[in-house]
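Residue numbers (the working numbering): 20 to 240. Even glycine gets a Cβ: it sits at the ideal position worked out from N, Cα and C.
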Amino acid sequence: MALNDDVGSSLDLLEEDLGRNAQMTSEFEKELGRLRQSMLFTSREVTTLSSGLERGLGRAIDGLVLDGGKLSDALKTVGQSLADTVYSIAMKPVETALAGSLAGGVASIMGNGSFGQAITPFAKGGAFSQGRATAVGGIASAPTAFPMRGGTGLMGEAGPEAIMPLQRGADGKLGVAAAGRGGGVNVTFNIQTPDVAGFKRSQSQIAAQMSRVLARGDRNS
């Protein structure tokens, strides 16, 4: 008699659990229906949602078979997995938009500078004729930004850089003028000989010495 009572109580509890689970399943199906009506999934999102649902069902079945869990807990696991997947899908456009906005902002700053000017690097050198610069030359030993017409220049980013004014020489070429080359170089030879015949004999030595002087001048120019 007691055994029948225990079996009856167990059946009642099982029926009650099944009733609650049936209600939960019905609510779950309703939520899925509302989700389908309110959201438009792409094929990739559908694949992601299916994968999340499969993972949730796999964990739920493992819980039922291996751990002896309740059906209600298994359905909760499925619901939580599906909710996490839907949340990830919903947040993806937000993350993409935020990343795009951040990238656009950085590009705008790098492209326009703090005052809406383009930054021009001078790591490999360069020449400019507009804007403020060091008129008498100088050295930039650290990355230094300087204003120039239509943008902003950056010098010293690849190591110390020299600022050298350009000058146009007598031949019309524009370049850097070396210090101390303001005029020509005069070379004077003092030749002492007792007669004309001795001078003629020394001509080859004089020519060789002049060639050496000219070659030395070319190397130092």
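Quick check: what's the CA-CA separation for residue i versus residue j?
i: Met183; j: Ile225; result: 40 Å
i: Gln228; j: Ile158; result: 41 Å
i: Pro213; j: Arg220; result: 12 Å
i: Gly178; j: Ala164; result: 14 Å
i: Gln211; j: Arg187; result: 42 Å
i: Ala216; j: Ser223; result: 13 Å
i: Ala189; j: Ser230; result: 25 Å
i: Ser133; j: Lys49; result: Confidence in Ser133 is poor, its pLDDT being 47 and thus under 50, which makes the residue's placement unreliable; the coordinate value appears in the next sentence. Whole-angstrom Cα-Cα distance: 54 Å.
When you compare the CB positions of residue i and residue j, do they come within less than 8 Å of one another, or not?
i: Gly172; j: Pro162; result: no
i: Gly191; j: Leu185; result: no
Going by DSSP, what residues sit across from residue i in a beta bridge?
i: Ala164; result: Leu173
i: Gln186; result: Gly194
i: Ala216; result: Ala216 pairs with nothing; no bridge assigned.
i: Ile158; result: Ala181
Check whether the Cβ of residue i lies closer than 7 Å to any heavy atom of the ligand NAP, and answer yes or no.
i: Val195; result: Of ligands this structure carries none, so the ligand NAP is not represented either.
Looking at C-alpha atoms only, which residue of the options is the closest neighbour of residue i?
i: Glu180; options: Ser160, Ala164, Ala189; result: Ser160
What residues in its chain sit with their C-beta under 8 Å from that of residue i, if we drop five residues either side in the sequence?
i: Arg235; result: none
i: Gly135; result: Reliability fails at Gly135, whose pLDDT of 43 lies under 50, so the model's placement of it is uncertain and no value is given.
Starting from the C-beta of residue i, find all residues in its chain whose C-beta is less than 7 Å away, skip the five residues before and the five after it, and write them out in chain order.
i: Glu46; result: none
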